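Asks: Got a structure for you, written out below as structure tokens; questions coming shortly.
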Amino acid sequence: MSYGIKAYKAVGVKDDLAVADPHRVIQLLMQGALENMAKSKGCMERKDFAGKSSFLSRAMAIISSLQGSLDMNMGGEISDNLAALYDFMINHLGAASRDNDPAKVDDVIELMLTIKGAWDQIPVSAREEAYQMRATADQKMAVGG
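So the sequence shown is numbered by the working numbering: it starts at 9 and just counts up by one.
Spelled out as structure tokens, the structure:
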């Protein structure tokens with residue numbers, strides 16, 4: 009891919025993030041993790057160990073960001089389960105890097121695709137309800153409630 013196309017795509021993602029609602033930001037993060045994992049597999053096949061490490065590190069950082077974005081107070085059991093799953097993914101990608109094992113990357117890709125598929129199916133009405141609940145909770149915290 010030419011430098012110009014890469015630069016254009018990077019600007020497009022930055023522009024998308026600048027105006028994205030929280031739901032879209034999570035979608036973009038998941039997509040970024042998936043893309044970095046796929047690139048790491050290509051590096052493994054080419055025996056490009058520096059590239060593999062770089063792409064897996066990026067994927068793990070994105071997954072860590074996803075984990076950090078979980079609302080453990082409002083999310084209940086779902087947040088607990090996702091936090092544990094994200095821990096597993098990060099550890100499994102670390103093992104994939106150490107062992108140079110693309111099958112372990114595939115395991116994490118499959119899990120991320122499942123989570124992303126469910127995330128993508130959240131109806132707009134449910135998203136708006138969640139935004140309202142979050143705003144109400146933030147207001148209560150701001151006034152000491």
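No residue lacks a Cβ here, since even glycine has one placed at the ideal position from N, Cα and C. Computed from a predicted model, the values in this text were never measured in an experiment.
On a Cα-Cα basis, can you pick out the residue from Tyr94, Asp146, Gly59, Met80 that is closest to Thr122?
Replies: Closest by alpha carbon: Tyr94.
Asks: Just mark Tyr16 as buried or exposed, buried being the case when its beta carbon has 16 or more other beta carbons within 10 Å.
Replies: Because the pLDDT at Tyr16 is just 49, under 50, the model does not fix this residue reliably, and the value given afterwards should be weighed accordingly. Tyr16 comes out exposed.
Asks: So Lys60 packs on Ser105, CB below 8 angstroms; how close in whole Å?
Replies: Contact flag correct, Cβ pair sits at about 7 angstroms.
Asks: First and last residue of the alpha helix (DSSP H) that includes Ile34?
Replies: Unbroken alpha helix (DSSP H) run through Ile34: 30-54.
Asks: Do you know whose CA, among Arg66, Met97, Ala69, lies nearest Asp115's CA?
Replies: For Asp115, the nearest C-alpha among the options comes from Met97.
Asks: For Glu53, which option in Ile70, Val113, Arg66, Gly125 has the closest C-alpha, if you only look at C-alpha atoms?
Replies: Nearest C-alpha to Glu53: Val113.
Asks: I'd like to check one pair, Ala67 with Met45: are the Cβ atoms closer than 8 angstroms?
Replies: Result yes, Cβ atoms of Met45 and Ala67 sit closer than 8 angstroms.
Asks: If distances are taken between C-alpha atoms only, which option among Cys51, Leu64, Asp146, Asp56 comes closest to Gly102?
Replies: Per the Cα distances, Leu64.
Asks: Please state if the CB of Arg135 and the CB of His31 are separated by a distance shorter than 8 angstroms.
Replies: Closer than 8 angstroms, so yes.
Asks: From this set, Gly83, Gly76, Lys55, which residue's C-alpha is nearest Asp109's C-alpha?
Replies: Asp109 has its Cα closest to that of Lys55, out of Gly83, Gly76, Lys55.
Asks: By how many angstroms is the C-alpha of Gly40 removed from the C-alpha of Val33?
Replies: Approximately 10 angstroms, taken between the alpha carbons.
Asks: What is the rounded straight-line gap between the Cα of Met80 and the Cα of Ile70?
Replies: The straight-line gap from Cα to Cα measures roughly 18 angstroms.
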